[in-house]
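Participant: These protein sequences, in sequence, are chains A and B.
For our numbering, add 1 to where a residue sits in the first sequence, where the first one is 1.
For our numbering, add 1 to where a residue sits in the second sequence, where the first one is 1.
Every residue, glycine too, gets a C-beta built ideally from N, C-alpha and C.
It should be emphasised that the depicted structure is a prediction, and the values quoted were computed from it without experimental measurement.
I have a structure I would like to understand better, so I am pasting it below and will then ask my questions one at a time.
Protein chains: 2
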Amino acid sequence: MTTSVDMLPPLQGVRVVDLTRVLSGPFCSMLLGDMGAEVIKIESPSGDPVRGQGHHKNGFSWYFAGFNRNKKSVVLDLYSDEGRSDLARLIKTADVLVENFRPGVLAKMGFSQERLDELNPRLVVASVNGFGSKGPYTDRPAFDFIAQAMSGFMSVNGPEGEAPLRAAQPVTDLVAGLYTAFGVVSALHGRNRDGRGQAVETSMVNGVLSMMAYLASEHFVTGENPQRTGNDHPLVAPYGLYDTADGQIAIAPSNDQVLQRLLTEIGLAELLEDPRFDSNAKRFERRDELHGILDAALASDTQENWIIRLNRAGVPTGKIQTLKDVFDDPQIKAQEMSIDVPHGDRGDVRMLGFPVKLSRTPCEVRLPAPELGEHTEEVLSALRDG
Amino acid sequence: MTTSVDMLPPLQGVRVVDLTRVLSGPFCSMLLGDMGAEVIKIESPSGDPVRGQGHHKNGFSWYFAGFNRNKKSVVLDLYSDEGRSDLARLIKTADVLVENFRPGVLAKMGFSQERLDELNPRLVVASVNGFGSKGPYTDRPAFDFIAQAMSGFMSVNGPEGEAPLRAAQPVTDLVAGLYTAFGVVSALHGRNRDGRGQAVETSMVNGVLSMMAYLASEHFVTGENPQRTGNDHPLVAPYGLYDTADGQIAIAPSNDQVLQRLLTEIGLAELLEDPRFDSNAKRFERRDELHGILDAALASDTQENWIIRLNRAGVPTGKIQTLKDVFDDPQIKAQEMSIDVPHGDRGDVRMLGFPVKLSRTPCEVRLPAPELGEHTEEVLSALRDG
Numbered sequence: 002m003t004t005s006v007d008m009l010p011p012l013q014g015v016r017v018v019d020l021t022r023v024l025s026g027p028f029c030s031m032l033l034g035d036m037g038a039e040v041i042k043i044e045s046p047s048g049d050p051v052r053g054q055g056h057h058k059n060g061f062s063w064y065f066a067g068f069n070r071n072k073k074s075v076v077l078d079l080y081s082d083e084g085r086s087d088l089a090r091l092i093k094t095a096d097v098l099v100e101n102f103r104p105g106v107l108a109k110m111g112f113s114q115e116r117l118d119e120l121n122p123r124l125v126v127a128s129v130n131g132f133g134s135k136g137p138y139t140d141r142p143a144f145d146f147i148a149q150a151m152s153g154f155m156s157v158n159g160p161e162g163e164a165p166l167r168a169a170q171p172v173t174d175l176v177a178g179l180y181t182a183f184g185v186v187s188a189l190h191g192r193n194r195d196g197r198g199q200a201v202e203t204s205m206v207n208g209v210l211s212m213m214a215y216l217a218s219e220h221f222v223t224g225e226n227p228q229r230t231g232n233d234h235p236l237v238a239p240y241g242l243y244d245t246a247d248g249q250i251a252i253a254p255s256n257d258q259v260l261q262r263l264l265t266e267i268g269l270a271e272l273l274e275d276p277r278f279d280s281n282a283k284r285f286e287r288r289d290e291l292h293g294i295l296d297a298a299l300a301s302d303t304q305e306n307w308i309i310r311l312n313r314a315g316v317p318t319g320k321i322q323t324l325k326d327v328f329d330d331p332q333i334k335a336q337e338m339s340i341d342v343p344h345g346d347r348g349d350v351r352m353l354g355f356p357v358k359l360s361r362t363p364c365e366v367r368l369p370a371p372e373l374g375e376h377t378e379e380v381l382s383a384l385r386d387g
Numbered sequence: 002m003t004t005s006v007d008m009l010p011p012l013q014g015v016r017v018v019d020l021t022r023v024l025s026g027p028f029c030s031m032l033l034g035d036m037g038a039e040v041i042k043i044e045s046p047s048g049d050p051v052r053g054q055g056h057h058k059n060g061f062s063w064y065f066a067g068f069n070r071n072k073k074s075v076v077l078d079l080y081s082d083e084g085r086s087d088l089a090r091l092i093k094t095a096d097v098l099v100e101n102f103r104p105g106v107l108a109k110m111g112f113s114q115e116r117l118d119e120l121n122p123r124l125v126v127a128s129v130n131g132f133g134s135k136g137p138y139t140d141r142p143a144f145d146f147i148a149q150a151m152s153g154f155m156s157v158n159g160p161e162g163e164a165p166l167r168a169a170q171p172v173t174d175l176v177a178g179l180y181t182a183f184g185v186v187s188a189l190h191g192r193n194r195d196g197r198g199q200a201v202e203t204s205m206v207n208g209v210l211s212m213m214a215y216l217a218s219e220h221f222v223t224g225e226n227p228q229r230t231g232n233d234h235p236l237v238a239p240y241g242l243y244d245t246a247d248g249q250i251a252i253a254p255s256n257d258q259v260l261q262r263l264l265t266e267i268g269l270a271e272l273l274e275d276p277r278f279d280s281n282a283k284r285f286e287r288r289d290e291l292h293g294i295l296d297a298a299l300a301s302d303t304q305e306n307w308i309i310r311l312n313r314a315g316v317p318t319g320k321i322q323t324l325k326d327v328f329d330d331p332q333i334k335a336q337e338m339s340i341d342v343p344h345g346d347r348g349d350v351r352m353l354g355f356p357v358k359l360s361r362t363p364c365e366v367r368l369p370a371p372e373l374g375e376h377t378e379e380v381l382s383a384l385r386d387g
């Protein structure tokens, strides 16, 4: 039996009551489900709005499916006494509660932190929200685009001299969901010692603000705002997109050693001794001229060949891929980053694979995304019997 | 004594041997340190290259400081037998090893997975890398810009009709580091049951690919590549940046109910009955005209007032903030997202605060970023005595 215990997923035995809908919260609870937690998604009788969003196939939203694998669906009407009483009984059996309401809404529904402590002092209560539960913006409605704007994320993105730009990806939802999942598992680990739960919270603004990394450090030390530089590096040249015989390549020589390798491989080894280009400051000042010289040298071979040659020489090199390119890429295939998941009558749904690879207990789809209320009877009758 | 046990951070007692340098790995180990793990950063005699990067104050890199709080620094020369033997003894005492070498490099240094299992079967071995340890690109050098290009992340970012654009933030490093930290704590949780460690890995490409969210779902179901649409929504209007009396606001009405609230608040309630604008399809088709109508209505009040009024009405609204704006923002202050950390003779270093808020055991800076080798004697002598 040792072998089978060894194969159990890391969060096996962790029960998550999931009150979230749409994106940030469902992403968080899916991450916990992918690690083996039992996630009970509580839906209103009309269901998570994402069930109706995006393109459908066989009457099913692939957007919904991609964010709700490894979950059970239980319908509760939390406006009714019965629904709230079922939720209370469920909370008593849970290890984690995840919600992405505005701060204060859960308390208004009758589940203040005090009530939750009373119901279950071991409960880890996780909240993903827009701005955090302290401060003047707590009650504001949250949305990814707004969080990208408010957090400084947009201020540094965009072509040089042009307007700030959002990322098309809902990065603030997803980063907050991921941080919250990390916080939940950390709190569960701490609970193993002292037996007590606690509240865990990440906001969309705080999460994505933490992605400012050295842009924030440099701002703190210099007092300056970082500038938009498009695809060029703000301080280093060469760096960016260059033309080959048949397409662009992205090159990022991160230090002088890598730059030397690049120039040697493309037949410009002597350039670093040229008095016009013998320091980064000079190269940066003449970066347009330098760009032309590199483009000319790179015209001697193809995109694919340069990617192979330069990587082999130790120079990080790649190309801009569309999503079609990405999922045709042999590396992405080897990493199983798209998976086809049977969904009964709905057919196979293709979705993203697992970004975290565990060697002994790899993540897997134990449950496809549920039909609305698919597990209501199963979950509630077990509560009543219990 | 119950009280004091209750106040211990969640990862108290977890020892992390940290072989990482630069960005993705140090971010991962800092997250573990922020949650209370003892992080022992192994540095070569010349130190993490980031010690020499970015602006310095009092001879100290604030970039380094911002990514290396809550760590001890131990200098080992892993090219020497003595260094490798010290590392082996350290590994025996550890719960987690984190590395961000290219796959295979650690094994070449004498620490294959087999050797690690032998030294410490309970060890969680975490790897943050560029492309993953399986597949044709495993040996390629990794860099954020390249991972943004290869993952599809850039393909959807940029103004409509213009070239793909990277995000200025090193998102691929940070997202991979965060996923890995989540994987590590999950594996530690699983280890509580079966006593065995395992390998945990996230690549920069896989991590950021998982951020494609519904863009990926829509691609899978339709077969189409998502298009670049700048700050506009690809399907919904109104949505985006609008002019007020004195500056732009970002508005994101996520559904018809929110749109109704927006139009009512700006005095255009009748617009939804206008046959030119009574469906999203029509609004999207006439979005330039609609944009002009909204700009005209919004000219009646200021940016700050509209942000207050619209949020109060339940419409997610904000403005694009620079980093200076962000750190002056009362919400960001209430959330303590910048903190000043004393660093002895180096003075106070300002850095980003903690995005994950824990109610009972909040993250704190227990240790400022270390001087190179500051803890070599302390850590190694404890090993020798042990």
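Name, going along the chain, the residues of the region 294-311 of chain A whose beta-carbon falls closer than 8 Å to a beta-carbon of chain B.
Facilitator: Listed by position, the residues of the region 294-311 of chain A near chain B (Cβ gap below 8 Å) amount to none.
Participant: My output table needs one value for LYS73 of chain A: the three-state DSSP class, helix, strand or coil.
Facilitator: If DSSP states are grouped into helix, strand and coil, LYS73 of chain A belongs with the strands.
Participant: Are the region 157-166 of chain A and the region 142-153 of chain B touching, with three or more C-beta to C-beta distances below 8 Å?
Facilitator: As far as the Cβ criterion goes, the region 157-166 of chain A does not touch the region 142-153 of chain B, which means the pair count is below three.
Participant: Which residues of chain A have a Cβ atom closer than 7 Å to the Cβ of HIS56 of chain B, listed in chain order?
Facilitator: Within 7 Å Cβ-Cβ: GLU219, VAL222 and THR223.
Participant: Determine the chain A residues that contact THR323 of chain B at a beta-carbon separation under 7 Å, and present them in chain order.
Facilitator: The answer, in chain order, is GLY153, SER156 and ASN226.
Participant: With DSSP as the reference, please indicate the residues paired to PRO343 of chain B in a beta bridge.
Facilitator: For PRO343 of chain B, which the question treats as bridged, DSSP gives the partners B:ASP349.
Participant: What residues of chain B sit near THR362 of chain A, judged by a beta carbon separation below 7 Å?
Facilitator: Result: GLY191 and GLN199.
Participant: State yes or no: is the beta carbon of ILE147 of chain B nearer than 8 Å to at least one beta carbon in chain A?
Facilitator: So yes, ILE147 of chain B belongs to the interface.
Participant: Bridge partners for HIS57 of chain B per DSSP, in chain order?
Facilitator: In the DSSP output, where bridge partners are listed per residue, HIS57 of chain B has B:SER62.
Participant: Within 8 Å (strictly less), CB to CB, does VAL129 of chain A reach chain B?
Facilitator: False, the Cβ-Cβ gap to chain B never drops below 8 Å.
Participant: Using a beta-carbon distance below 8 Å, is GLY348 of chain B in contact with chain A?
Facilitator: Answer no: the Cβ-Cβ gap between GLY348 of chain B and chain A never drops below 8 Å.
Participant: Going by the beta-carbon positions, is the gap between VAL17 of chain A and SER30 of chain A smaller than 8 Å?
Facilitator: Yes, the pair counts as a contact, with Cβ atoms nearer than the cut-off.
Participant: Return helix, strand or coil for ASP96 of chain B, following the three-state DSSP convention.
Facilitator: Reduced to three states, the DSSP call for ASP96 of chain B is coil.
Participant: So HIS344 of chain A and HIS190 of chain B are supposed to be a Cβ contact under 8 Å. How far apart are they, rounded?
Facilitator: Not quite, the Cβ-Cβ distance comes to about 29 Å (not below 8 Å), so this is no contact.
Participant: Using Cβ-Cβ distances below 7 Å, what residues of the region 239-257 of chain A are close to chain B?
Facilitator: Here the close residues are ALA251, ALA253 and SER255.
Participant: State buried or exposed for PRO142 of chain B, treating a residue as buried only when at least 16 other CB atoms are found within 10 Å of its CB.
Facilitator: Classification of PRO142 of chain B: buried, given that the 10 Å Cβ count is 16 or more.
Participant: I'd like to check one pair, VAL209 of chain B with ALA148 of chain B: are the Cβ atoms closer than 8 Å?
Facilitator: It is a contact, given that the beta carbons lie within the stated cut-off.
Participant: Over what stretch of residues does the alpha helix (DSSP H) that includes SER30 of chain A continue unbroken?
Facilitator: Run containing SER30 of chain A: 25-35, per the alpha helix (DSSP H) assignment.
Participant: Is it buried or exposed, MET36 of chain B, if we count other Cβ atoms within 10 angstroms and call 16 or more buried?
Facilitator: By the 10 Å Cβ count, MET36 of chain B comes out buried.
Participant: Is ASP330 of chain B helix, strand or coil by DSSP?
Facilitator: Three-state DSSP puts ASP330 of chain B in coil, outside helix and strand.
Participant: Cα-Cα, which of B:LYS358, B:SER339, B:GLU266 and B:ILE333 is closest to ASP349 of chain B?
Facilitator: Ranking B:LYS358, B:SER339, B:GLU266 and B:ILE333 by Cα distance to ASP349 of chain B puts B:SER339 first.
Participant: What does GLN249 of chain A pair with, by DSSP beta-bridge criteria?
Facilitator: GLN249 of chain A is bridged to A:ASP244.
Participant: Helix, strand or coil, according to DSSP, for SER45 of chain A in the structure here?
Facilitator: Three-state result, SER45 of chain A: coil.
Participant: Just mark GLU39 of chain B as buried or exposed, buried being the case when its beta carbon has 16 or more other beta carbons within 10 Å.
Facilitator: Answer is buried; the Cβ neighbour count reaches 16.
Participant: Report buried or exposed for PRO1 of chain B, applying the criterion of at least 16 other Cβ atoms within 10 angstroms of its Cβ.
Facilitator: Beyond the ends of chain B as shown, which are 2 and 387, falls residue 1 of chain B; an answer cannot be given.
Participant: Three or more C-beta pairs closer than 8 Å, one from the region 354-367 of chain A and one from the region 7-15 of chain A: is that the case here?
Facilitator: Touching, per the Cβ criterion.
Participant: Classify SER113 of chain B: buried if its beta carbon has 16 or more other beta carbons within 10 angstroms, exposed otherwise.
Facilitator: Flag for SER113 of chain B reads exposed.
Participant: Using 8 Å as the threshold, is the C-beta distance between LEU124 of chain A and GLY198 of chain A below it?
Facilitator: Going by C-beta atoms, LEU124 of chain A is nearer than 8 Å to GLY198 of chain A.
Participant: Measuring alpha carbon to alpha carbon, tell me which residue in A:GLU375, A:GLN336, A:ASP7 and A:VAL185 is nearest GLY133 of chain B.
Facilitator: Selected option, being the one with the closest Cα: A:GLN336.
Participant: Thinking just about the alpha-carbon of each residue, which of B:THR377, B:GLU372 and B:SER382 is nearest to the one in ASN69 of chain B?
Facilitator: Nearest of B:THR377, B:GLU372 and B:SER382 to ASN69 of chain B, Cα basis: B:GLU372.
Participant: Tell me, which residues are paired with LEU1 of chain A by DSSP?
Facilitator: Look at the range of chain A in this structure, 2 to 387, and you will see that residue 1 of chain A is not part of it.
Participant: Could you tell me whether the Cβ atoms of PHE28 of chain A and LEU32 of chain B are closer together than 8 Å?
Facilitator: No, they are not a contact pair.
Participant: Below 8 Å between beta carbons: does that hold for PHE146 of chain B and ALA251 of chain A?
Facilitator: A contact, by the Cβ cut-off of 8 Å.
Participant: Near ARG90 of chain B, what residues of its chain come up, given a Cβ to Cβ distance below 6 Å and the 5 sequence neighbours on each side ignored?
Facilitator: Counting only Cβ-Cβ distances below 6 Å, and skipping sequence neighbours, we find LEU384.
Participant: Please confirm whether PHE285 of chain B has its beta-carbon closer than 8 Å to some beta-carbon of chain A.
Facilitator: By this cut-off, PHE285 of chain B is not an interface position.
Participant: With a cut-off of 8 Å, does the C-beta of GLU365 of chain A fall near any C-beta of chain B?
Facilitator: False, the Cβ-Cβ gap to chain B never drops below 8 Å.
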